[in-house]
Amino acid sequence: MSTRLQTGGRLIDRNARRGFTFNGRRLEGVAGDTLASALLANDQMLVGRSFKYHRPRGFVAAGAEEPNGLVNLGTGGRFEPNQRATTTELFDGLACASQNHWPSLDFDIGAVNGPLARFLPAGFYYKTFIQPRPFWKHVYEPFIRQSAGLGQVPAERDADRYEHFYAFVDVLVIGGGIAGLQAALAAGRAGARVLLIEQTAHWGGRAPVDGVTIDGHPAEAWIARALKALEGMENVTLRTRCMGAGVYDHGYALGYERVADHSPGDTRPRHRLWKIRAARIITATGAIERPLSFAGNDIPGVMLASAVRDYVANWAVSPGDRTVVVTNNDDAYRTALMLREAGLVVPAIIDARPTASGPLVRAAREAGIRVETGRGIARVKGAKRVTGVALCAQAGEGAVLEEIPCDAVAMSGGWSPVVHLWSHCGGKLTWDAGQAHFRPDPERAPTSHDGAPFVIAAGSANGYLLAGEALADGDAAGKSAVRSLGMAAKGGAVPKAEAEAEGPMTPVWMMPQGAGAELRMKMWLDYQNDVKVSDVQLAAREGYESVEHTKRYTTLGMATDQGKLSNINGLAVLSQSLGADIPQVGTTTFRPPYTPISFGAIAGEARGDTFQPLRRTPMHRWHEENGADWEPVGQWRRPYCYPRDGESREDAVGREVKNTRQNLGLLDASTLGKILVKGPDAGRFLDMLYTNMMSNLKPGKCRYGLMCNENGFLMDDGVVARIDEETFLCHTTSGGAEHIHAHMEDWLQCEWWDWRVYTANLTEQFAQIAVVGPHARDLLEKLGGMDVGAGALPFMAWSEGEIAGVRARVYRISFSGELSYEIAVPASQGLALWEKLVSAGEEFGLMPYGTEALHVMRAEKGFIMIGDETDGTVIPQDLGLHWAISKKKDDYIGKRAQQRAHMVDPERWQLVGLETLGGGVLPEGAYALAPDQNANGQRNTQGRVTSTYYSPTLERGIALGLVRRGPERMGEIIEFATLDGTTMSAKIVDPVFYDKDGEKQNV
Amino acid sequence: MLILHCPHCGVDAEETELAPGGEAHLKRFGPGSSDAEFESYLFHRENPRGVHFERWRHAFGCGKWFIAARATDTLEVFGTYRAQTAAPPQDIRDAITAKRPGWAWRDLA
Ligand SMILES: [Zn+2]
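Sequence order for the protein chains is D and C.
All residue numbers for the first sequence refer to the numbering used here, where the first residue is 1 and numbers rise by one.
All residue numbers for the second sequence refer to the numbering used here, where the first residue is 10001 and numbers rise by one.
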């Protein structure tokens, strides 16, 4: 069993007890525990089930590389799935539950998959489930859905807050082991601004666990001194619980600080995302031990040798009473010696190497531990817990020589540097045959804006696995970083770290070397995704030669741990199967983040009201107080309608439309884009920008204009008013002002930079109010001021003056077909004028109307709306807008494109009105059916609905649509498909449904 | 996340301040051009692994367009210059040649 030892545990405080629950069971740990160490202290080795086969799973590791120990953590607003127990600090009241099993962790029905395992080989998603087709719906999909997904989805809103933090430093050191500490010291002493971050809550990394001495003292003493020195430097910032998540272009890096995961609800933000710019980045990210591939290496109780050491040294937890150590290197002997020292039984060290003779091996033999060289594990015995191992000759096929009872296995296949952060921004790797791992190639480092390398790997992350080398390398990295920035590195003796010397390791990719199919099917590479040696071999046989393809075919390394344990082992199996060298096969791509980071941290403060800026018109408050039902339009909020007591949205819209047509309506049109274009060449510029002629517009007049992109497609429309000889005011769609302004600037700056024109986006400088309806003139005349009579201010003219004592520019333009004045006033006067209009308008039956009434009225008049009638594939000619396309101009943006064969094809879908036969409303976006099917067996189409409304004015459904050769087919009846499978018949009619001659707007 | 120097306002701007505008130094073809010329102008773009000339706008800054000469493979920036420039200036081309002898881009080398 796993249990808490009576003594030891450098990170725990035995007197500070911490209560927690696992699957509802009350357990107790102590301060300093991780959730994993606390569970193991309570003999809870079984913590989850694997993804595909629902195999029982226990802890394999003690840190960020753990693939199995994932739990549903927390409750309510603090519930989060897939949390790694090995990196979760224990706190009082923690509640967690195991994942991926039904009905219970101990008894999982899904585990019947086990015997069926041979029906779920590599690539089973791709081959098994394709045929026969009906099986997909009735058999495969329900099966996959039941077994898919590890944790549960949170049901409640996140109770925590998150923040972003920006930092600018000379040197960012990622990793607070002895190499990282020394690198920070070297850089800090040179006067560089240094940020040192460490993902765990503790400094020093593995050195204190591995019995390293520095300058003759235990590593812990040196670590304390180094920290004190660093804390004393004003130019150095230190952060624990802060992981280097990613390294990006030009020295950008992300740090992920888990500020309050261990103290939920303490009012601090839960996570902090550091956005760091560093001139140099030192990755002192350590190394990760590799599992060995032997049959049954996934049975709970089989752990990494270093993890066993961590649990004993850091938390005084023994993973088992009798632990067999199996290895291909000397380092694992440290685990055997430590277990023995803790009074635990080590029945044997099984060493795959033919001989072993380093000082650690000698020490083990001298301690009386049985050492078996040239041996391997044929298979692990047990189901939900290790009960023993069967020994075999490593060079053989797995004939069992002996069985050894035990309840834990500590394995070591050698160490791989954590090269992720080095690789994120293009750092290349080199294969180190002696240590059988990839390490950073210093000749091919990631480069920055000036072409100089900006990432330096240090310590074991750089392939220096022994403490003495690692510390010296950290020193060299710190000094090289500051020197490359033009700073002088300070001298001083490099501290000397010492640990027991190690003999050479021997790569072991399969145990035993000649294992047959039966054994290979039980050798796990990827614990979380259930990928075995046999799966990778099968992929190779089926022709998957690229490591990237094999990864996707087998799902090796695609789980939440991203293959931290399985990558190199899988790669080695693949290269052996292909008969190629490992460096020839290469690695998969390392992508950020190093371990998953929370969505909360990515979002930061951008939640709820602060998700994005909200743009408010000067009359926003009035709308709010008068019951506006809001509609988002870009970043603006516009009233959709103003429902009165008990009124539905539909009823409100109908009332607003009718009242505007019969009496008087008021619309807040302030969101319309208003761009001033000024200069001697302004007219010439607008002639290029719009399809129609603008240079011949007379001051005092307005003209509707269409704007296309260079591809010929319609992108915006609006009314242009000529203010004077050199000045035009261009109105754009609501929400279109910014990108149309950018479009203008692009052409002005990059194509016609010698033209004398400037532009200014005045959208927010003016409030704009549309006074619309038969009584519009009556109202303005009642308020008094400028002459708004038909003579002084005819349709499509504008004039300046005062309305109700407010300086105003009034445009006689109409988007509704009614008599209409758009009044622009300084933004600060908008609300005052609006309120005057509302109160003076009472006698005329004035009501405000919203965007939906605006839409209905424009559709009744057959006016197009950008984004409804256009979708980026529609040219003005499709919309019957030939009258707004100048034939006199040699050129305008989009003209050449509109001459292409496909654009002048008479078969193009073109704008028409659609009248349903029964008076009903066509569904939005519905397609018009054509006879027969296309090559894909889909029904042919001949048009689609672009706008569809119930018209309160006509008391029937009306629609606009694009139909093949539509304008030639007036009166024809065509069928539209509805979502329920039926069809609706509609007659092709003129798109102008109401007041075709414009008598109402021209009065 | 690139940092590019804006030659208009002098700021070293982060990518979040910038808007990309695609390949630089395109020659516009309008009415009267052949289908092939127009197709090439509108659609054919370089996609080099190496030296490239790109348009960028200091969108959340001074609002001005400029051109960056940079390496797409190593992220090295050889220089930036105002968009109101018909062809890459000689000093920029010299800077590229110093770092990448034998470089070529479109008909430049
Ligand atoms: Zn600028």
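All C-beta atoms in this analysis are idealised placements derived from N, C-alpha and C, irrespective of residue type, glycine included.
Under the assumption that residue 821 of chain D contacts residue 807 of chain D (Cβ atoms under 8 Å), give the Cβ distance between them as a whole number of angstroms. Here residue 821 of chain D refers to the residue found at position 821 of the first sequence. Here residue 807 of chain D refers to the residue found at position 807 of the first sequence. 15 Å between Cβ atoms; not a contact.
Counting by C-beta, which residues lie closer than 6 Å to a heavy atom of ligand 1, in chain order? Near ligand 1, meaning a beta-carbon closer than 6 Å to one of its heavy atoms, we find C:10006, C:10008, C:10009, C:10011, C:10058, C:10061, C:10062 and C:10064.
Any non-hydrogen atom of ligand 3 closer than 7 Å to residue 700 of chain D Cβ: Although ligand 3 was asked about, the structure shown includes only ligand 1 as ligands.
Grab the span of the alpha helix (DSSP H) containing residue 538 of chain D for me, first residue to last. Residue 538 of chain D sits at position 538 when you count from the first residue of the first sequence. From DSSP, the alpha helix (DSSP H) with residue 538 of chain D extends over 533 to 541.
Using 8 Å for Cβ pairs, my map puts residue 898 of chain D next to residue 712 of chain D. What's the rounded Cβ distance? Taking the first sequence and counting its residues from 1, one reaches residue 898 of chain D at position 898. Taking the first sequence and counting its residues from 1, one reaches residue 712 of chain D at position 712. Sure, about 4 Å apart at Cβ, within 8 Å.
Buried or exposed: residue 599 of chain D, going by 16 or more other Cβ atoms within 10 Å of its Cβ? As a first step, residue 599 of chain D is located in the first sequence; it is residue number 599 there, counting from the start. By the neighbour-count criterion, in which a residue is buried when 16 or more other Cβ atoms sit within 10 angstroms of its Cβ, residue 599 of chain D is exposed.
Relative to chain D, which residues along the segment 10076 to 10089 of chain C have a C-beta separation below 8 Å, given in chain order? 10076, 10077, 10083 and 10084
For the segment 894 to 923 of chain D, which residues have a beta carbon sitting closer than 9 Å to at least one beta carbon of chain C? 895, 896, 897, 899, 900 and 901
Would you identify the three-state DSSP class for residue 52 of chain D, choosing helix, strand or coil? The residue you call residue 52 of chain D lines up with position 52 of the first sequence. Correct three-state label for residue 52 of chain D: coil.
Go ahead and label residue 367 of chain D buried or exposed: buried means 16 or more other beta carbons lie within 10 angstroms of its beta carbon, across all protein chains shown. Position 367 of the first sequence, counted from the first residue, corresponds to residue 367 of chain D. Counting Cβ neighbours within 10 Å, residue 367 of chain D comes out exposed, since fewer than 16 surround it.
Distance, residue 817 of chain D Cα to residue 997 of chain D Cα: Position 997 of the first sequence, counting from 1, holds the residue named residue 997 of chain D. Position 817 of the first sequence, counting from 1, holds the residue named residue 817 of chain D. For residue 997 of chain D and residue 817 of chain D, the distance between alpha carbons rounds to 10 Å.
Helix, strand or coil for residue 10105 of chain C, going by three-state DSSP, please let me know. Reading the second sequence from its first residue, position 105 is the one you call residue 10105 of chain C. Note: residue 10105 of chain C maps to strand in three-state DSSP.
With a cut-off of 8 Å on the beta carbons, I'd call residue 707 of chain D and residue 740 of chain D a contact; round off their distance for me. As a working mapping, residue 707 of chain D is identified with position 707 in the first sequence. As a working mapping, residue 740 of chain D is identified with position 740 in the first sequence. Confirmed, Cβ separation roughly 7 Å.
Chain D beta carbons: is any one of them nearer than 8 Å to that of residue 10027 of chain C? For the purposes of this step, residue 10027 of chain C is identified with residue 27 of the second sequence, where counting begins at 1. No - not a single Cβ of chain D is within 8 Å of the one on residue 10027 of chain C.
CA-to-CA distance, residue 170 of chain D to residue 480 of chain D, given in whole angstroms: What you label residue 480 of chain D is simply residue 480 of the first sequence in a count that begins at 1. What you label residue 170 of chain D is simply residue 170 of the first sequence in a count that begins at 1. If you draw a straight line from the Cα of residue 480 of chain D to the Cα of residue 170 of chain D, it is about 12 Å long.
Where residue 789 of chain D and residue 1000 of chain D are concerned, what is the direct C-alpha to C-alpha distance, given to the nearest angstrom? In the first sequence, residue 789 of chain D corresponds to position 789, counting from 1. In the first sequence, residue 1000 of chain D corresponds to position 1000, counting from 1. Whole-angstrom Cα-Cα distance: 15 Å.
Taking the alpha-carbon positions, what's the residue 737 of chain D to residue 76 of chain D distance? For this step, residue 737 of chain D is matched to residue 737 along the first sequence. For this step, residue 76 of chain D is matched to residue 76 along the first sequence. When rounded, the distance between both Cα atoms is 43 Å.
Using a Cβ-Cβ cutoff of 9 Å, what residues of the segment 440 to 451 of chain D are near chain C? List them in chain order. 446, 447, 448, 449, 450 and 451
Between residue 748 of chain D and residue 685 of chain D, how many whole angstroms is the CB-CB distance? I'm expecting something under 8 Å. In the first sequence, the residue the question calls residue 748 of chain D occupies position 748. In the first sequence, the residue the question calls residue 685 of chain D occupies position 685. Correct: roughly 7 Å between the Cβ atoms.
DSSP-derived helix/strand/coil call for residue 749 of chain D: If you number the first sequence from 1, residue 749 of chain D lands on position 749. Residue state, collapsed to three classes: helix.
Between D:758, D:620 and D:283, which lies nearest to residue 726 of chain D when the distance is taken from Cα to Cα? Against the first sequence, residue 726 of chain D aligns to sequence position 726. Residue D:758 is the option with its Cα nearest to residue 726 of chain D.
If you draw a straight line from the C-alpha of residue 335 of chain D to the C-alpha of residue 303 of chain D, how long is it? On the first sequence, position 335 is the one that residue 335 of chain D refers to. On the first sequence, position 303 is the one that residue 303 of chain D refers to. Whole-angstrom Cα-Cα distance: 11 Å.
Three-way DSSP call (helix, strand, coil) for residue 755 of chain D in this model: For the purposes of this step, residue 755 of chain D is taken as residue 755 along the first sequence, with counting starting at 1. Residue 755 of chain D: coil per DSSP, three-state reduction.
Can you list, in chain order, the residues of its chain with a C-beta nearer than 7 Å to that of residue 418 of chain D? Leave out the 5 residues immediately preceding and following it. Along the first sequence, one-based indexing puts residue 418 of chain D at 418. For residue 418 of chain D, where only same-chain residues beyond five positions count, the Cβ hits under 7 Å are 285, 286, 287, 288 and 461.
Which residues share a DSSP beta bridge with residue 242 of chain D? Locating residue 242 of chain D in the first sequence gives position 242, where the first residue counts as 1. DSSP lists D:257 as partners of residue 242 of chain D.
Simplified DSSP assignment, three categories, for residue 834 of chain D: Mapped onto the first sequence, residue 834 of chain D falls at position 834. In the three-state DSSP reduction, residue 834 of chain D falls in the helix class (H, G or I).
Is the Cβ of residue 750 of chain D closer than 8 Å to any Cβ of chain C? Within the first sequence, numbered from 1, the residue matching residue 750 of chain D stands at position 750. It does: the Cβ of residue 750 of chain D has a partner Cβ on chain C nearer than 8 Å.
Using 8 Å as the limit for Cβ to Cβ distance, is residue 252 of chain D near chain C? As a first step, residue 252 of chain D must be located in the first sequence, where it is residue number 252. Contacts with chain C at 8 Å (Cβ-Cβ) include residue 252 of chain D.
If you draw a straight line from the C-alpha of residue 237 of chain D to the C-alpha of residue 195 of chain D, how long is it? Sequence index remark: in the first sequence, residue 237 of chain D carries index 237 (1-based). Sequence index remark: in the first sequence, residue 195 of chain D carries index 195 (1-based). So the two alpha carbons sit approximately 5 Å from each other.
Shorter than 8 Å from the beta carbon of residue 690 of chain D to some beta carbon of chain C? Reading the first sequence from its first residue, position 690 is the one you call residue 690 of chain D. Closer than 8 Å: no.
At a Cβ cut of 8 Å, what residues of the segment 710 to 730 of chain D count as close to chain C, listed as they run along the chain? 710 and 711
For a minimum of 3 consecutive residues, which ranges assigned as the beta strand (DSSP E) are wholly contained in the segment 387 to 422 of chain D? Entirely contained in the segment 387 to 422 of chain D, the beta strand (DSSP E) runs reaching 3 residues are, in chain order, 402 to 405, 408 to 412 and 415 to 417.
The segment 206 to 223 of chain D / the segment 373 to 392 of chain D touching (three or more Cβ pairs under 8 Å): no
Residue 550 of chain D, DSSP secondary structure in three states: Stepping through the first sequence from its first residue, residue 550 of chain D is reached at position 550. In this structure, residue 550 of chain D counts as helix in the three-state DSSP scheme.
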